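Colleague:
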Amino acid sequence: MSATQTEAAPRARSTMSSRHTQTWLRNPDSAFWKTVRAVGMLALFFTIWGVAVRLSHSDLFPTPGNVLRGIIELAQKGLLFKYIVASLFRVTWGFTLAVLIGVPTGLVLGWYSRAFQAFNPIIQILRPISPIAWIPVAILWFGVTDAAPIFLIFLASVFPITVSAIAAVQNMQPVYLRAAQNFGLSRSELFRQVIFRASLPQIVTGIRIALGVAWLVVVAAEMIAVNSGLGYLIIDARNAGKRYDLVVAGMVMIGFIGLILDLLVRQLEKFDEVRWGYGMRR
Amino acid sequence: MSLRKALVTTAVAWLVLITLGHAWLNLHLFAAKRAGGTDQNKFRIGFLPVTCHLTCPVTDFINKQLYGESIFEPVRFNGWPELKEAHLSGYTPATFILAPMAMALREQGVPIKIVYLGHRDGSAVMVHKDSQIYRMEDLRGKRVAVPNRFSNQRLLIFRALKQAHMSINDIELVEMPPPDMPAALYAKAVDAISSGEPFMGQTELDGYGRVLWLTKDVWPNFISCVLAVHEDMIKNRRDVVQKLVDGIAKSGKWIDQSMEHRMETAQFVSKFYYNQNPRLLTFVLSKPPDRVKYTNLTLRKPDFEEIEELGRESGILKGTARFEDYTDASFVKDESAVQPYAWEPPTK
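Protein sequences appear in the order of chains A and B. Here the working numbering is used: position 132 in the first sequence is 132, and no number is missing along the way. Here the working numbering is used: position 93 in the second sequence is 375, and no number is missing along the way.
(1) Along the chain, where does the alpha helix (DSSP H) that runs through E595(B) open and close?
(2) Going straight from the alpha carbon of N578(B) to that of W625(B), what length do you get?
(3) Please report the straight-line C-alpha distance between Q173(A) and L263(A), rounded to a whole angstrom.
(4) In chain order, what residues of the same chain lie with their CB nearer than 6 Å to the CB of Y556(B), ignoring the 5 residues before and after it?
(5) Inspect the CB distances between the region 563-576 of chain B and the region 430-448 of chain B and report whether three or more fall short of 8 Å.
(6) Leaving out five residues on either side along the sequence, give the residues of the same chain with a beta carbon under 6 Å from the beta carbon of R436(B).
(7) Provide the residue span of the alpha helix (DSSP H) that contains F46(A), from first to last.
(8) Measure how close the beta-carbons of E546(B) and P627(B) come, nearest whole angstrom, since I'm counting them as under 8 Å.
(9) Run through the region 306-372 of chain B for me and flag every whole beta strand (DSSP E) of 3 or more residues, listed as ranges in chain order.
(10) Among N518(B), L562(B) and R492(B), which one has its Cα closest to the Cα of F242(A)?
(11) Only counting the same chain, and skipping five residues up and downstream in sequence, which positions put a Cβ closer than 6 Å to that of P104(A)?
(12) Please list the terminal residues of the continuous alpha helix (DSSP H) segment that includes S477(B).
(13) Using a beta-carbon distance below 8 Å, is G319(B) in contact with chain A?
(14) Quick check: what's the CA-CA separation for T292(B) versus I150(A)?
(15) Is any beta-carbon of chain A found at less than 8 Å from that of L297(B)?
(16) Which value, in whole angstroms, describes the spacing of the CA atoms of E590(B) and S449(B)?
(17) DSSP on T580(B), reduced to helix/strand/coil?
(18) Which whole runs of the beta strand (DSSP E) in the region 451-526 of chain B are 3 residues long or more, in chain order?
(19) Does chain B have any CB closer than 8 Å to the CB of T283(A)?
(20) Any idea which residues DSSP pairs T609(B) with across the strands?
(21) For A293(B), does the three-state DSSP call read helix, strand or coil?
(22) Alpha carbons only, please: which of A611(B), R422(B) and A619(B) is nearest the one belonging to I396(B)?
(23) Drop a sphere of 10 angstroms on the beta-carbon of T333(B), count the other beta-carbons inside from all chains shown, and report buried for 16 or more, exposed for fewer.
(24) Please name the residues in the region 489-509 of chain B whose beta-carbon is closer than 7 Å to at least one beta-carbon of chain A, in chain order.
(25) Hey, out of V226(A), W276(A) and L79(A), whose CA is closest to P356(B)'s CA?
(26) Since I believe P64(A) is in contact with F46(A) (beta carbons under 8 Å), could you give me their beta-carbon distance rounded to a whole number of angstroms?
(27) Nearest to G361(B) by alpha carbon, out of G255(A), F271(A) and I224(A)?
(28) Can you give me the start and stop residues for the alpha helix (DSSP H) that H543(B) sits inside?
(29) Tell me whether A180(A) sits in a helix, a strand or coil according to DSSP, three-state version.
(30) In the DSSP assignment, find the alpha helix (DSSP H) that holds T96(A) and state where it starts and stops.
(31) Within its chain, find whatever has a CB closer than 7 Å to the CB of I101(A); leave out the 5 residues flanking it on each side and keep chain order.
(32) Entirely within the region 393-436 of chain B and at least 3 residues each: give me those beta strand (DSSP E) ranges in chain order.
(33) Could you name the residues that DSSP lists as bridge partners for K569(B)?
(34) Could you pull out every residue in the same chain whose Cβ sits closer than 7 Å to the Cβ of A165(A), ignoring the five residues on either side in sequence?
(35) Would you call the region 182-200 of chain A and the region 246-257 of chain A in contact, with 3 or more CB pairs under 8 Å?
(36) Does the beta-carbon distance from F481(B) to M458(B) come in below 8 Å?
Here it is in structure tokens:
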């Protein structure tokens, strides 16, 4: 039955395509209009920015055109690609370490309430401390090697992951546990087969938030004297005199890469193992 | 297990890819090992992209031109706290640092020794060109930015206030990283700024800053930054420190030898070390030529006693460390015997 369906589908689509071309313009939820809305708003934003700079007669604050030229200049020098790789490298490792440590820690603390009582105060005390405050400690421990920014990014992202994993286990439906008990699962099976899977949707949400935070602190983390990265680009441009076009170019690149990272992590939510946990509004 | 398989494969592939990319592009791990492979023995020197630390990149550059490699590895920082912390952690055993900051660290028990001066003069107080501030007295009630509480610029302001029969309470002092000062003055967020060059010259060059006074007018032979090393370096690797100080002394003399040398310095330092527009350094190294000087850099007790006294009065020094504690003046006993580097830039 499924075979006939898949065969029938392309045929149905081709006959409908002529009608589709007429309706996508009228349908406000078509992909075309979604793109128009997003791009149109961006264009409006850039226009307002450019006009505002012109009206204020500021010769320090760059226009979008200046910033674009700055980005092109960086790309031509080969710096843009290098810096993006450097920042992604640090965020990747800091974030990976945070996932590898945060998820198991969260699962264990969520399950064993006595361990939770012991460790929760420490976690809650460390959690609100900004990575910027950790910069001196990071330099004293790691010098100005790559380990220092990786440590800062790790610190910023490990807590959202841990806390979301703890909450996921604590809020798990008791029915899963009872079923698991009926099947007589061992402790390690219980963790891997039931607890982990049941809390995965919430953990993925925590991971998505944590990746945003990890990318957010890249500027602060690269304020340490590393000599590459988009955060470094911003600091370096401040040293270079009147190069605020490059400062904003760094900001724009961080923003766009952040958008791409978020889109990628959202792909995780499409897997069946995760999707069951989200109520879809549409 | 579609999720696990897809995730693990993608994650591992990405980790490997980005790590290799970073190692190749930024750490240059795959570049052919450069001649000698003596990098292991090279110690790091911390510096900031200011004219006070100019002899650091100049020594590095000239050594590379003359001998193919430098005697040390310069590490550029962006602010005083990071520079200081890297020295404290042992990452940079030698560093250019503010004289009062080195003295205060010594008071706090840090085994730091000043071995040579970085420069003389080379600082200014700038105001907005539209402002009505023409004398020190006009700064009453105004907001003045200095780089750091341990900066000599703060002591300089302190001294100028004293000369004008005013006190520190008559103005509002704020701490601000030097690279942010030009924009702050432009936006009139502060009324006056003071830091090392080229950030003062930049406001003049861009047409919104006016010199209230240069350091040489208020405190002739002003010292702001010094070359300092960890005490263990002197104990264990005295020959290396000697070579370093000799190099710094020779570069200082070389820079001050002629205006051509200064202009050449502005070019290669801007391009290879500071990443600034060369016209900035060109401007501050020439207008006027004695805005900042790189000769007469031996350590003299009276200079430091003056700093000690002002530091005590302004509350940043306790006065528990003496000249003999925080300096080692034995590396250059007679500066007149120091010869500038015998290097001439290739004629274009």
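Where is the CB? At the ideal position from N, CA and C, for every residue including glycine. From a predicted model like this one, the values you see are computed outputs, not experimental measurements.
Modeller: Let's see:
(1) That run of the alpha helix (DSSP H) goes K583 to E595.
(2) If I take the Cα positions, the gap works out to 21 Å.
(3) Distance between the alpha carbons of Q173(A) and L263(A): 29 Å.
(4) P331.
(5) Result no; under three Cβ-Cβ pairs closer than 8 Å.
(6) Excluding the 5 residues flanking it on each side, R436(B) has same chain C-beta neighbours closer than 6 Å at V428, in chain order.
(7) First-last of the alpha helix (DSSP H) with F46(A): A31 to S56.
(8) Here E546(B) really is in contact with P627(B); their C-beta atoms are around 4 Å apart, less than 8 Å.
(9) You should have 326-329 and 355-358.
(10) Correcting the residue type first, residue 242(A) is Lys in the shown sequence and not Phe. Closest in alpha carbon position to K242(A), among N518(B), L562(B) and R492(B), is L562(B).
(11) If we look at P104(A) and ignore the five residues flanking it on each side, it has no Cβ neighbours.
(12) Unbroken run through S477(B) is the beta strand (DSSP E), A474 to G478; no alpha helix (DSSP H).
(13) The pLDDT assigned to G319(B) is 42, lower than 50, so where the model puts this residue is not dependable; a value taken from the coordinates is nonetheless given after this. No, its Cβ sits nowhere closer than 8 Å to a Cβ of chain A.
(14) Taking the straight line from one Cα to the other gives about 21 Å.
(15) It does: the Cβ of L297(B) has a partner Cβ on chain A nearer than 8 Å.
(16) For E590(B) and S449(B), the distance between alpha carbons rounds to 18 Å.
(17) Per DSSP, reduced to three states, the secondary structure at T580(B) is coil, with no helix or strand assignment.
(18) Correct list: 454-457, 474-478, 491-496 and 507-512.
(19) This structure cannot speak to residue 283(A), because chain A is shown only from 1 to 282.
(20) For T609(B), the pairing in a beta bridge is given by DSSP as I396(B).
(21) When DSSP states are grouped into helix, strand and coil, A293(B) belongs to the helix group.
(22) Comparing Cα-Cα distances from I396(B) to each of A611(B), R422(B) and A619(B), the minimum goes to A611(B).
(23) With 16 or more other Cβ atoms within 10 Å, it is buried.
(24) None of the residues of the region 489-509 of chain B has a beta carbon lying less than 7 Å from any beta carbon of chain A.
(25) Comparing Cα positions, the closest option is V226(A).
(26) With a Cβ gap of about 5 Å, F46(A) and P64(A) count as contacting.
(27) It is I224(A).
(28) Note, H543(B): alpha helix (DSSP H), M541 to V551.
(29) When DSSP states are grouped into helix, strand and coil, A180(A) belongs to the helix group.
(30) It spans L79 to W111 - the alpha helix (DSSP H) in which T96(A) sits, taken as one unbroken run.
(31) The beta carbon of I101(A) is closer than 7 Å to those of V158 in its chain, skipping five residues each way along the sequence.
(32) Segments of the beta strand (DSSP E) lying fully in the region 393-436 of chain B: 394-399, 405-410 and 425-428.
(33) In the DSSP assignment, K569(B) is bridged to no other residue.
(34) Result list for A165(A): G102, V103, G106, L107, G110, S199, I203 and G206, in chain order.
(35) No, the region 182-200 of chain A does not touch the region 246-257 of chain A.
(36) No, these two residues do not count as a Cβ contact at 8 Å.
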